[in-house]
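Participant:
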Amino acid sequence: MLIAIDIGNSRIKAGKFIDNKLTEFHSFKDITDILSFLMSNPKDNVAISSVVPDKTKIISEEVFKINGKSPFIITKDVKTNLTLDYKTPETLGLDRLCSAEGAYFLFKNSEEYKNYNESVYILSIDFGTATTINIIKYPGKFIGGLIAPGLEMMFDSLKQKTAQLPLLSISDFVSTIGKDTKSSIASGVVTSVVGMIEKTFNDLINAGTRRDSSLQNVVVYLTGGNAKKIIPYLSFDLVYEEGLVLDGVNALWELNKLTI
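Residues in the sequence shown are numbered from 36 upward in steps of one, following the numbering used here.
Structural data, given as structure tokens:
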């Protein structure tokens, strides 16, 4: 059994894996909450992906106190299931790597996997503090992606950088054409995010060929706190996986555990 942890900028997510299946998922605001969860699972191995080094240190030390073993901490030197076709792999965020690894793992273990050929693209889209799109070209080549401000960051920026615009949220979105200032702001933010995703999807659709014309040659996995709010506005089939990054942490643990 494995406890996988994803330490992000705003939240700490954790999940329990049994036989490579995510059986529990938790999202914590405070370190004390994740420590309580770890203490309730004292015998399990622990693997961590983090973009917040200070929190990584605290949690790692507590893991050692609880079970006497240091956690497996994913670094930029970790052995990966994906080949990185990326000019600066040393700058690739571990959250993006794990998101991509998770999408690749889920795709390879899906019922639909056998229906696709070498022209398929796999997208992992994470709606976190930033919105990230990661692109994998079958059979396992990470070819790059996109990074944009997250929804809250976009709304916050408009409020902070202007004198008179109000602070809004995605719940203020009504339609593409705003009929007042509030709805125009909400439309501008939501439509820009949806448009970015749709363009990426359509560009990849046009780049590939399909063995079966009824199948998309782009398989999309979404995760993150705002994913469910955006899904209704997307025009293609997709898979929502709240523990996508944790799936990637688990996949990297499985690949590296014998060398630890």
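Cβ atoms here follow ideal geometry from the backbone N, Cα and C, with glycine treated the same way.
Based on Cα-Cα distance, which residue from L287, N291, T294 lies nearest to F140?
Facilitator: In the sequence shown, the residue the question calls residue 140 occupies position 105. Looking at the Cα atoms, L287 is the closest of the given residues.
Participant: Apart from the five residues on each side of it in sequence, which residues of its chain come closer than 7 Å, Cβ to Cβ, to V113?
Facilitator: Numbered from 1 along the sequence shown, position 78 holds the residue referred to as residue 113. Excluding sequence neighbours, V113 sits near L287, N291.
Participant: Measure the alpha-carbon distance for Q199 versus S192 and round it to whole angstroms.
Facilitator: Here residue 199 corresponds to residue number 164 of the sequence shown, with the count starting at 1. Here residue 192 corresponds to residue number 157 of the sequence shown, with the count starting at 1. Each residue's alpha carbon lies about 12 Å from the other.
Participant: Just to confirm the assignment: which complete beta strand (DSSP E) runs, minimum length 3, are found wholly within the stretch 139–209?
Facilitator: 156–162, 165–172, 176–184
Participant: Consider the C-beta atom of G128 and the heavy atoms of the ligand SAH; say whether any pair is separated by less than 7 Å.
Facilitator: With respect to small molecules bound, the structure shown includes none, and the ligand SAH cannot be examined in it.
Participant: Buried or exposed for T126, going by 16 or more other Cβ atoms inside 10 Å?
Facilitator: In the sequence shown, counting from the first residue as 1, residue 126 sits at position 91. Counting Cβ neighbours within 10 Å, T126 comes out exposed, since fewer than 16 surround it.
Participant: Keeping to the same chain, check which residues put their C-beta closer than 6 Å to that of N261; ignore five residues upstream and five downstream.
Facilitator: Taking the first residue of the sequence shown as position 1, residue 261 is located at position 226. Counting only Cβ-Cβ distances below 6 Å, and skipping sequence neighbours, we find F162, L186.
Participant: In terms of alpha-carbon separation, which member of E289, A165, K64 lies closest to G128?
Facilitator: As a first step, residue 128 must be located in the sequence shown, where it is residue number 93. For the residues E289, A165, K64, the minimum Cα distance to G128 belongs to A165.
Participant: Check for me: the beta strand (DSSP E) holding V254 runs from which residue to which?
Facilitator: By one-based count along the sequence shown, residue 254 stands at place 219. Segment 253–258, the beta strand (DSSP E) holding V254.
Participant: For the stretch 140–159 and the stretch 208–220, state whether three or more C-beta atom pairs, one from each stretch, are separated by less than 8 Å.
Facilitator: With a cut-off of 8 Å, the stretch 208–220 and the stretch 140–159 do not count as touching, because too few Cβ pairs lie within range.
Participant: Tell me the rounded alpha-carbon separation between A6 and I109.
Facilitator: Nothing about residue 6 can be reported from this structure: the residues present for the chain run from 36 to 295 only.
Participant: Below 8 Å on the Cβ atoms is my contact criterion, and I expect Y268 with L257 to pass it. Report the Cβ-Cβ distance as a whole number of Å.
Facilitator: Position 233 of the sequence shown, counted from the start, is the residue given in the question as residue 268. Position 222 of the sequence shown, counted from the start, is the residue given in the question as residue 257. That pair is no contact at about 12 Å.
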